[in-house]
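K.L.:
Chains A and B, in that order, are what the protein sequence lines are. First residue of the first sequence? That's 54 in the working numbering, and the numbers climb one at a time after it. First residue of the second sequence? That's 54 in the working numbering, and the numbers climb one at a time after it. Each residue gets a CB set at the ideal place from its N, CA and C atoms; glycine is no exception.
Protein chains: 2
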Amino acid sequence: MEDERVARVWLSGVCEPGDVSVWRMVKALGAVEAVAAIQRGRVHRESGATEKKVTGWGMRAGAFDLEGALFICAQYGGRVVCPGDAEWPSTLDQLGESAPLLLWVRGELDLRAVCLRSVAVVGARAATPYGIRAAADLGAELSDRGWTVVSGGALGIDGAAHRGALAADGNTVAVLASGVDVAYPPRHEGLFAEIAAKGLLVSEWPPTAHPTRPRFLVRNRVIAALTRGTVVVEADLRSGALNTAHHARSLGRQLMAYPGPVTSLMSRGCHDLLRASPPHTRLVTGVDDVLEEVGPIGEGLDRPDGRPILPRDHLDPDTRAVLEAIPAGPRGTPTHAIAAAASLDLPTTRSRLALLAATGFTTRTRTGWRLNPPT
Amino acid sequence: MEDERVARVWLSGVCEPGDVSVWRMVKALGAVEAVAAIQRGRVHRESGATEKKVTGWGMRAGAFDLEGALFICAQYGGRVVCPGDAEWPSTLDQLGESAPLLLWVRGELDLRAVCLRSVAVVGARAATPYGIRAAADLGAELSDRGWTVVSGGALGIDGAAHRGALAADGNTVAVLASGVDVAYPPRHEGLFAEIAAKGLLVSEWPPTAHPTRPRFLVRNRVIAALTRGTVVVEADLRSGALNTAHHARSLGRQLMAYPGPVTSLMSRGCHDLLRASPPHTRLVTGVDDVLEEVGPIGEGLDRPDGRPILPRDHLDPDTRAVLEAIPAGPRGTPTHAIAAAASLDLPTTRSRLALLAATGFTTRTRTGWRLNPPT
Chain A
54 MEDERVARVW LSGVCEPGDV SVWRMVKALG AVEAVAAIQR GRVHRESGAT
104 EKKVTGWGMR AGAFDLEGAL FICAQYGGRV VCPGDAEWPS TLDQLGESAP
154 LLLWVRGELD LRAVCLRSVA VVGARAATPY GIRAAADLGA ELSDRGWTVV
204 SGGALGIDGA AHRGALAADG NTVAVLASGV DVAYPPRHEG LFAEIAAKGL
254 LVSEWPPTAH PTRPRFLVRN RVIAALTRGT VVVEADLRSG ALNTAHHARS
304 LGRQLMAYPG PVTSLMSRGC HDLLRASPPH TRLVTGVDDV LEEVGPIGEG
354 LDRPDGRPIL PRDHLDPDTR AVLEAIPAGP RGTPTHAIAA AASLDLPTTR
404 SRLALLAATG FTTRTRTGWR LNPPT
Chain B
54 MEDERVARVW LSGVCEPGDV SVWRMVKALG AVEAVAAIQR GRVHRESGAT
104 EKKVTGWGMR AGAFDLEGAL FICAQYGGRV VCPGDAEWPS TLDQLGESAP
154 LLLWVRGELD LRAVCLRSVA VVGARAATPY GIRAAADLGA ELSDRGWTVV
204 SGGALGIDGA AHRGALAADG NTVAVLASGV DVAYPPRHEG LFAEIAAKGL
254 LVSEWPPTAH PTRPRFLVRN RVIAALTRGT VVVEADLRSG ALNTAHHARS
304 LGRQLMAYPG PVTSLMSRGC HDLLRASPPH TRLVTGVDDV LEEVGPIGEG
354 LDRPDGRPIL PRDHLDPDTR AVLEAIPAGP RGTPTHAIAA AASLDLPTTR
404 SRLALLAATG FTTRTRTGWR LNPPT
């Protein structure tokens, strides 16, 4: 299986993610044989691959430094997550032939676990102060309610949503169109460092890969597929956020949009979504509306017997230590008290608490964290 | 028939408009006999009238000065419009047992004709500058497109919509919860004078009647019934505009609402309408959206052969003179040139042009007015 994983890494650097013909070759031949076929210059016609495409892959194969990519990944403590891994979010497989072959992940949280209760908050780069404020508020409020905020790491709405989640000590995932070591936009270098430390940076492209316009669009389907719903906070008529909205709708995810002043160009894309007929998009004005759409905490996530989706035994030792350090009772215990009881440092405790909330073990209160009743 | 009309005037002053039992008595007995029954203190049980109600009517009958009401009406050049009159808007009969028994009307336009292409623009009294601006813009743009703006004459959104229509030299109708000679709110005395001169003031209550809270609500059904659709521009959660919206929906009229910032209390009523499930309310952001909902000019109004709904021969002499003074051709002719050609004064010409636009004969252009192609 290690060969299969290395082959997928090779494909992520040589073939462009989202290319259906590559997915089909891997499905038909396995990743190892797909790589061998491409290296031999063989055109696997049933997959839809063309001579021209195979020639292009050949040229890029010479330029891709697989060992270098894995070395950089190891340096920042990153990892590669593949379908079948415990951390692989199975919702991605709903993308069918355009599902990712792997994800490069940077950060300590468990990708699958944090995305179980996640919402995408996306929008215009050239957002207005109104939109920035709304996105940051929503990011913070989703965090307070134990939901993970997924976005694209762009300027404007995306950045505000991530920052809101971070400010509320919540989980946030940035799905990038570049390597997870590349700060694009450069102005977000500090934000990405913070997300890497407290949340997750995720990409289909290997380290050092730079974003292109098509890559942003290809990336959007992952944002839509990872989450239970997508909220467009502000979008002009040509905003890339509308592309994410389109993916969310095709995947059967909840699609939501914020209203804004009719005089604001940056709300026109949202209003167009809301006016579309038949209506696929729900108007939302805050976290309560959003959670009404994606379902109250736990709905559809907890098992029928009401217990959390992840068995307690499957938690890693630090997470279990944090869970066991939370006293029973309805009142919230402050993070520092839990950290002290678990004999863990504050950052570790915070990230484990967020994971426990995302997986249904705990709930945030005004004063800290409490255990969910076992029901 | 004159007796029937006078009896309805008496009922408008003695019984509260919107009272279903009065409507049923008139339906069963005719207005003259209904008045006689009330004067004799007879309780017409089948109508749902009660002893208590009849006693109340008896007390009010002593206080109502019918001749005085008709005298005041004559002084301001007003009139009473009853079902069956050429000017009676037949859409009001869709209110069934809560249909008005008559309307007191002040102004020169033909009520039925101007309401054929009309939209209600309503909203909060405590409107924000954003809402005021949006309502005034919509009022002016509806006027420019040949549509009549109907509203309730209140402070805030209502007043802005009327003023927008007046500023664009369009038709506007204020449906009041007081006599059409009563300036309520007092701050709108000048606005009502302008509407009386260029548009129409309409009420179910006789001259000198003052508004009460229930009367505002009873009045709202007339605003909804007169128009093809209702636009709520701003409304807080308890706004009376939501009551008008409710009537519009029950009558099968188009119901529309403006979005606004999620942080604005004055948009909360609109957002609630837009979020309701199933969605009865369409989000609109301007005149194009509104006309898309209520149908393009002429749709459903023109006869199947494409000719205007009112035959040319049925126009009054002044209106016909104005129509004949408009030269053929695609370019607009200025109002003053039409007035000169028709040998009429400017105010008369303006009101006739507005009527011709509302009934499908003419269209406003940047430079003036042109005839609609006969098709």
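1) Among the residues of its own chain, which have a CB less than 7 Å from the CB of P153(A), if the five just before and after it don't count?
2) Any contact between the segment 244 to 252 of chain A and the segment 212 to 228 of chain A? By contact I mean 3 or more CB pairs, one from each, below 8 Å.
3) For the alpha helix (DSSP H) that R95(A) lies in, which residues bound it at each end?
4) Among all the DSSP beta bridges, which residues are the ones paired with L336(B)?
5) Interface residues of chain A around L336(B) at Cβ under 8 Å?
6) On the DSSP bridge list, what partners appear for G282(A)?
7) Can you check which of these residues, L155(B), V337(B), A381(B), is closest to R61(B) by C-alpha distance?
8) Where does A227(A) sit, in a helix, a strand or coil, going by DSSP?
9) Using a Cβ-Cβ cut-off of 8 Å, state whether Y129(A) counts as contacting chain B.
10) So with CB distances below 7 Å, who are the chain A contacts of A187(B)?
11) Please name the residue, chosen from H367(A), L408(A), P380(A), that lies closest to A139(A) on a Cα-to-Cα basis.
12) Helix, strand or coil for S196(B), going by three-state DSSP, please let me know.
13) How long is the line joining the alpha carbons of K80(B) and T297(A), rounded to whole angstroms?
14) Just checking, does the segment 337 to 347 of chain A make contact with the segment 365 to 382 of chain A on the three C-beta pairs under 8 Å criterion?
15) Alpha carbon to alpha carbon, how far is A84(B) from P136(B)?
16) Taking 8 Å as the CB-CB limit, is D342(A) close to chain C?
17) Taking the straight line between their C-alpha atoms, what separation do you get for D72(B) and G184(B)?
18) May I ask you to report which of helix, strand or coil DSSP gives S330(A)?
19) Per DSSP, A157(A) forms a beta bridge with which residues?
20) Tell me whether S171(B) sits in a helix, a strand or coil according to DSSP, three-state version.
21) Measure from the alpha carbon of A214(A) to the alpha carbon of each residue in V340(A), R403(A), A395(A), then state which is nearest.
22) Just mark T412(B) as buried or exposed, buried being the case when its beta carbon has 16 or more other beta carbons within 10 Å.
23) Just to make sure I have the definition right: I need the residues of chain A whose C-beta is within less than 7 Å of the C-beta of G339(B). Which are they?
24) Does the CB of P426(A) have a neighbour CB from chain B at under 8 Å?
25) Of all the residues that make up the segment 167 to 193 of chain A, which are near chain B by a beta-carbon distance shorter than 8 Å?
26) Between G322(B) and Y311(B), what straight-line distance do the alpha-carbon atoms span, to the nearest angstrom?
27) Are the beta-carbon atoms belonging to A278(A) and S231(A) less than 8 Å from one another?
28) Could you pull out every residue in the same chain whose Cβ sits closer than 7 Å to the Cβ of G111(A), ignoring the five residues on either side in sequence?
29) Apart from the five residues just before and just after P239(B), which ones in its own chain have a Cβ nearer than 7 Å to its Cβ?
30) Compute the Euclidean distance between the alpha carbons of S196(B) and L164(B), then round it to the nearest angstrom.
31) Would you list, in chain order, the members of the segment 255 to 276 of chain B that have their beta-carbon closer than 7 Å to a beta-carbon of chain A?
32) In whole angstroms, what is the alpha-carbon distance linking G206(B) and G176(B)?
33) If you measure from the beta carbon of P332(B) to each beta carbon in chain A, is any gap under 8 Å?
34) Within the same chain, show all residues whose beta-carbon is closer than 7 Å to that of D234(B), passing over the 5 residues directly before and after it, in chain order.
35) In terms of alpha-carbon separation, which member of E377(A), T283(A), A301(A) lies closest to T201(A)?
P.N.:
Let's see:
1) Translated into positions along the first sequence, residue 153(A) becomes position 100. Hits under 7 Å: P70, L145, E257, V275.
2) yes
3) Here residue 95(A) refers to the residue found at position 42 when the first sequence is read from its first residue. From DSSP, R95(A) is part of no alpha helix (DSSP H); its letter is neither H nor E.
4) Walking along the second sequence from the start, residue 336(B) turns up at place 283. According to DSSP, which records beta bridges pairwise, L336(B) is partnered with A310(B).
5) Walking along the second sequence from the start, residue 336(B) turns up at place 283. What L336(B) touches in chain A: P312, H324, L327, R328, L336.
6) Position 229 of the first sequence, counted from the start, is the residue given in the question as residue 282(A). G282(A) is bridged to Q307(A).
7) As a working note, residue 61(B) is residue 8 in the second sequence. For R61(B), the nearest C-alpha among the options comes from L155(B).
8) Counting from one through the first sequence, the residue named residue 227(A) turns up at place 174. Strand at A227(A).
9) The count along the first sequence starts at 1 and reaches residue 129(A) at position 76. Output row for Y129(A): interface = no.
10) Position 134 of the second sequence, counted from the first residue, corresponds to residue 187(B). Residues of chain A passing the Cβ test: V315.
11) Residue mapping note: residue 139(A) aligns to position 86 of the first sequence, counting from 1. The candidate whose alpha carbon is nearest that of A139(A) is H367(A).
12) On the second sequence, position 143 is the one that residue 196(B) refers to. Three-state DSSP puts S196(B) in a helix.
13) For this step, residue 80(B) is matched to residue 27 along the second sequence. For this step, residue 297(A) is matched to residue 244 along the first sequence. K80(B) and T297(A): Cα-Cα distance of roughly 59 Å.
14) no
15) Reading the second sequence from its first residue, position 31 is the one you call residue 84(B). Reading the second sequence from its first residue, position 83 is the one you call residue 136(B). Their Cα atoms are separated by approximately 12 Å.
16) Of the protein chains in the structure, A and B, none is chain C.
17) What you label residue 72(B) is simply residue 19 of the second sequence in a count that begins at 1. What you label residue 184(B) is simply residue 131 of the second sequence in a count that begins at 1. Approximately 34 Å, taken between the alpha carbons.
18) If you number the first sequence from 1, residue 330(A) lands on position 277. S330(A): coil per DSSP, three-state reduction.
19) Taking the first sequence and counting its residues from 1, one reaches residue 157(A) at position 104. Strictly speaking, residue 157(A) in this sequence is Trp, with Ala absent from that position. V133(A), S256(A).
20) As a working note, residue 171(B) is residue 118 in the second sequence. Looking at S171(B) - three-state DSSP - the assignment turns out to be strand.
21) Residue mapping note: residue 214(A) aligns to position 161 of the first sequence, counting from 1. Of V340(A), R403(A), A395(A), the residue nearest in Cα terms is V340(A).
22) Within the second sequence, numbered from 1, the residue matching residue 412(B) stands at position 359. Flag for T412(B) reads buried.
23) Residue numbering aside, residue 339(B) sits at position 286 when the second sequence is read from its first letter. Here the neighbours are V315.
24) Here the question's residue 426(A) lines up with position 373 in the first sequence. Not one chain B Cβ lies under 8 Å of P426(A).
25) The segment 167 to 193 of chain A vs chain B, Cβ under 8 Å: Y183, R186, A187.
26) The count along the second sequence starts at 1 and reaches residue 322(B) at position 269. The count along the second sequence starts at 1 and reaches residue 311(B) at position 258. Looking at the two C-alpha atoms, the distance is approximately 10 Å.
27) To locate residue 278(A), count along the first sequence from 1; it is residue 225. To locate residue 231(A), count along the first sequence from 1; it is residue 178. No. Outside cutoff.
28) Against the first sequence, residue 111(A) aligns to sequence position 58. Correct list, in chain order: G94.
29) Looking up residue 239(B) in the second sequence gives position 186. Same-chain partners within the cutoff: there are none.
30) For the purposes of this step, residue 196(B) is taken as the residue at position 143 of the second sequence. For the purposes of this step, residue 164(B) is taken as the residue at position 111 of the second sequence. Taking the straight line joining both Cα atoms gives about 16 Å.
31) Look at the segment 255 to 276 of chain B: it has no residue with a C-beta under 7 Å from a C-beta of chain A.
32) By one-based count along the second sequence, residue 206(B) stands at place 153. By one-based count along the second sequence, residue 176(B) stands at place 123. Spanning the two alpha carbons is a distance of roughly 11 Å.
33) For the purposes of this step, residue 332(B) is taken as the residue at position 279 of the second sequence. With its beta carbon less than 8 Å from one in chain A, P332(B) belongs to the interface.
34) The count along the second sequence starts at 1 and reaches residue 234(B) at position 181. So the qualifying residues of the chain are I125, Y129, P260, T261.
35) For the purposes of this step, residue 201(A) is identified with residue 148 of the first sequence, where counting begins at 1. Cα-wise, what sits closest to T201(A) is T283(A).
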